[in-house]
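Read the structure below first, then the notes.
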Amino acid sequence: MLMSQLYAPTLRETPAEAELASHRYMLRAGLMRRSAAGIYTFLPLGLRVVRKVEAIIREEMNRIGGQEVLMPIVQPAELWQETGRWNDYGEEMFRLTDRHNRQFCLGPTHEELVTDLVRAEVRSYRQLPLRLYQIQNKYRDEIRPRFGLIRGREFIMKDMYSFDRDEAGLDESYWACYHAYERIFSRCGLDVRPVEADSGAIGGDVTHEFMVLADVGEAVVLYCSACDYAANVERAESGKVAQSEVPPKQLPMEEVATPGKTTIAEVTEFLGAAPQQCIKTMIYLADGEPVAALVRGDHELNEIKFQRVLGCASLELADTATIERVTGAPVGFAGPVGLRIPVVADHAATEVVNAVVGANKADYHIKNVNIGRDFQVTRTADIRVVVAGDPCPKCGAPLTSAYGIEVGQVFKLGTKYSAALKATFLDENGTEQPLIMGCYGIGVGRTVAAVIEQNHDEHGIAWPVAIAPYHVIVVPVTIKDEQQAKTAREIYEALQRADVEVVLDDRDERPGVKFKDADLIGFPIRITVGPKSLRKGMAEITLRKTGERMELPVDQITDYVVKTIKG
RNA sequence: CGGGGCGUAGCGCAGUUUGGCUAGCGCGCCUGCCUUGGGAGCAGGAGGCCGGAGGUUCAAAUCCUCUCGCCCCGACCA
266 MLMSQLYAPT
276 LRETPAEAEL
286 ASHRYMLRAG
296 LMRRSAAGIY
306 TFLPLGLRVV
316 RKVEAIIREE
326 MNRIGGQEVL
336 MPIVQPAELW
346 QETGRWNDYG
356 EEMFRLTDRH
366 NRQFCLGPTH
376 EELVTDLVRA
386 EVRSYRQLPL
396 RLYQIQNKYR
406 DEIRPRFGLI
416 RGREFIMKDM
426 YSFDRDEAGL
436 DESYWACYHA
446 YERIFSRCGL
456 DVRPVEADSG
466 AIGGDVTHEF
476 MVLADVGEAV
486 VLYCSACDYA
496 ANVERAESGK
506 VAQSEVPPKQ
516 LPMEEVATPG
526 KTTIAEVTEF
536 LGAAPQQCIK
546 TMIYLADGEP
556 VAALVRGDHE
566 LNEIKFQRVL
576 GCASLELADT
586 ATIERVTGAP
596 VGFAGPVGLR
606 IPVVADHAAT
616 EVVNAVVGAN
626 KADYHIKNVN
636 IGRDFQVTRT
646 ADIRVVVAGD
656 PCPKCGAPLT
666 SAYGIEVGQV
676 FKLGTKYSAA
686 LKATFLDENG
696 TEQPLIMGCY
706 GIGVGRTVAA
716 VIEQNHDEHG
726 IAWPVAIAPY
736 HVIVVPVTIK
746 DEQQAKTARE
756 IYEALQRADV
766 EVVLDDRDER
776 PGVKFKDADL
786 IGFPIRITVG
796 PKSLRKGMAE
806 ITLRKTGERM
816 ELPVDQITDY
826 VVKTIKG
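Using our numbering, the first residue of the first sequence is number 266, and each one after it goes up by one.
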């Protein structure tokens, strides 16, 4: 490809819309352009990268027995109504109506479609396991699209769906995919960490997310430095915190006036108590019924864990009226003493001796409250947000926290969709069974963005060879110099014959411009043909990632390049 | 959805408070000269219904109303 012909409009200045390195460089290097909020056009260079990531994904999916299909973007409402997700998905679903007033959505995912497809054809255990995947655009009307490809409303996603006859089969599918993902991301040049995660609205119980650790990530992950424990903050658990050996003596309860002090910060300051000495009481509505959650004052409640503990379908903070009704006090003075609703306490909250709690009475708190003596809890569970420094639940070593970009997720779905959609098969005994499903997604665009986050410097992108849009750019310092132009052309053609993906920068630009563009776009290898080396019959090779340079005789360039990109 | 900010040339911005005669600057783009190892220089040039609609006025990028779009922060943790 000739640079003069390549549609890669590079920008000297950063477009105002871009915050992250990946977003900035994808625009500046001419990989993509924005069409609407969270919706992008891929330009030739960007598309080449996307296609390469997809190719790697296809290879690894095929390798574990995946078969590619292509399902529609536009999906009928009926299927989604069958599983209940037409309502459950809410505002995030792009919906449309056709001329006959029939309702459709732009698929945010394809569980319904694929299950519908399979239920019609799969009858027997002999047809299992079945692993189908597809790569295509999906749509979610994100509340706030941002960060370029990382949180878009239209995005390219690979999804695989597995259908097995039993749990053991599902387990096999799941781990086959897990390991395929490790290979995929590693081949893309990413440093990825699989973490235990929450399954959220999709359903199912076992799930891992594949996280690219990066400061700009949207998700928080906790991982252990001593063992292999790693989890999304939504799921992360904490080990037992060591208690002091001699528990302090329990003191008598004492009501204290705390006028207008409704937050932990205000109360601790006013009373001169430590936040760890307080127990926060929060009133929630679980499927409409009030329930109280207790966490230590310096801890935060993890709603996702709390909801899992309660096993309820909906969970939200109670409204002011409900709080006043169940506690008898305005917001800010709730406490466990005398509460007549179910109370769930976090483990750490139950260990506070002589705690400060709300008095369920306006402008009062109670000091020296003790569990067992002064109040009872319905149950104790792990319901708080784990933070860095908390002990690892597996080995007790302190956990570290980091931000991550989620590039993939694997789920064990079980029978949630097959049961709802009556996708069944007959086992050896002739008994009808629901298919056991798993689903496995990779955000393709997000993966590209994540690669840039992990592979860039102040000059631009430094692509890993495996997904670089082109491997090599040949830059004659002065195209008007006949000797340089001729040699550059020869090198370019020799590389093409060797199946190297190469661009010749044939533009009549000053060298600085060409070097800057080469660095910005991020070709892994640059071959400079200039007067200095050419006099000696040589050309210069520069490796983008390391900045390493060397001179090589012109006729050895091809061999060197081939070896470098293969190895 | 709440808060904040922004829409003026392909990109980055000034001008808007205090309305005023030809709407500017830098980069990019086109032509020519010159230059060629890290985004050169000179000269000439093209390109804008000032996001859109309505209103006020002798006069609107500027004031008023409505609308559309985009960016950032937040979304209940007593």
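Ideal placement from N, C-alpha and C gives every residue a C-beta, glycine not left out. Since the model is a prediction, treat every value here as computed from it, not as a measurement.
Residues in the same chain with beta-carbon distance under 6 Å from residue i, minus the five sequence neighbours each way, listed in chain order, please.
i, result
"Lys317", "Ile732"
"Ile329", "Ala441 and Ala445"
"Ile400", "Glu319 and Lys423"
"Leu395", "Phe428"
"Pro280", "Leu292"
"Val457", "Phe450, Phe475 and Val477"
"Gly795", "Val742"
"Lys779", "Val740 and Asp770"
Can you find the residues in the same chain that come closer than 7 Å, C-beta to C-beta, to residue i, ignoring five residues on each side of it along the sequence?
i, result
"Ala558", "Met547, Tyr549, Leu566, Phe571, Val609 and Ile648"
"Gly802", "Pro818 and Val819"
"Arg388", "Phe690 and Leu691"
Under the assumption that residue i contacts residue j (Cβ atoms under 8 Å), give the Cβ distance between them as a whole number of angstroms.
i, j, result
"Ala484", "Asn497", "6 Å"
"Gln346", "Leu378", "Actually they do not touch by this definition, with Cβ atoms about 14 Å apart."
"Arg416", "Gly311", "Contact flag wrong, Cβ pair sits at about 17 Å."
"Thr348", "Leu686", "6 Å"
"Ile786", "Gly482", "Actually they are not in contact, since the Cβ atoms of Ile786 and Gly482 sit about 25 Å apart, beyond 8 Å."
"Val634", "Val622", "5 Å"
"Gly812", "Tyr290", "That belief does not hold up - the Cβ atoms of Gly812 and Tyr290 are roughly 18 Å apart, past 8 Å."
"Gly599", "Ile606", "Per the sequence presented here, residue 599 reads as Ala, with Gly not at that position. At roughly 11 Å, the Cβ-Cβ gap does not stay under 8 Å, so Ala599 and Ile606 are not in contact."
"Ser287", "Val486", "With a Cβ gap of about 19 Å, Ser287 and Val486 do not count as contacting."
Whole angstroms are fine: how far does the CA of residue j sit from the CA of residue i?
i, j, result
"Leu808", "Ile738", "11 Å"
"Ile744", "Asp784", "19 Å"
"Met358", "Asp563", "37 Å"
"Leu361", "Asp381", "21 Å"
"Arg405", "Arg411", "13 Å"
"Asn352", "Gln368", "13 Å"
"Val713", "Val314", "7 Å"
"Lys677", "Arg638", "43 Å"
"Val477", "Asp824", "34 Å"
"Glu343", "Arg350", "10 Å"
"Ile569", "Ala462", "11 Å"
"Arg452", "Arg391", "34 Å"
"Gly654", "Tyr488", "10 Å"
"Ala753", "Ala495", "50 Å"
"Cys657", "Asp611", "17 Å"
"Ala750", "Met268", "14 Å"
"Ala491", "Lys514", "36 Å"
"Gly504", "Leu664", "10 Å"
What span of residues does the beta strand (DSSP E) with residue i cover, start to end?
i, result
"Pro818", "Arg814 to Pro818"
"Asn633", "Tyr629 to Val634"
"Asn497", "Ala495 to Asn497"
"Thr807", "Met803 to Leu808"
"Tyr682", "No beta strand (DSSP E) holds Tyr682; the alpha helix (DSSP H) holding it covers Lys681 to Ala685."
"Tyr305", "Ile304 to Phe307"
"Phe420", "Glu419 to Asp429"
"Glu697", "Glu697 to Pro699"
"Phe690", "Thr689 to Leu691"
Under a Cβ-count criterion, where at least 16 other Cβ atoms within 10 Å of its own Cβ denotes burial, should residue i be classed as buried or exposed?
i, result
"Glu805", "buried"
"Glu722", "The amino acid at residue 722 is misidentified as Glu; the sequence shows Asp. Its Cβ having fewer than 16 others within 10 Å, Asp722 is exposed."
"Ile631", "buried"
"Gln748", "exposed"
"Ile790", "buried"
"Gly295", "buried"
"Ala614", "buried"
"His736", "buried"
"Gly331", "buried"
What residues in its chain sit with their C-beta under 8 Å from that of residue i, if we drop five residues either side in the sequence?
i, result
"Leu604", "Thr546, Ala557, Val591, Thr592, Asn625 and Phe640"
"Pro524", "Asp628"
"Tyr443", "Pro459, His473 and Val675"
"Leu285", "Phe412, Gly413, Ile415, Val481, Ala714 and Glu718"
"Val709", "Val315, Val318, Glu319, Ile322, Ile400, Phe420, Ile421, Met422 and Lys423"
"Asp363", "Phe369"
"Leu435", "Ser427, Asp429, Lys677, Gly679, Ile701, Met702 and Gly703"
Starting from residue i and walking both ways along the alpha helix (DSSP H), at which residues does that stretch end?
i, result
"Tyr446", "Glu432 to Arg452"
"Arg396", "No alpha helix (DSSP H) contains Arg396, which is instead part of the beta strand (DSSP E) from Leu395 to Tyr404."
"Glu616", "No alpha helix (DSSP H) holds Glu616; DSSP gives it neither H nor E."
"Met291", "Ala286 to Arg293"
"Glu347", "Ala342 to Thr348"
Measuring from the CB of residue i, is there a heavy atom of the ligand ATP at a distance below 7 Å?
i, result
"Gln346", "Because no ligand of any kind appears in the structure shown, any question about the ligand ATP cannot be addressed here."
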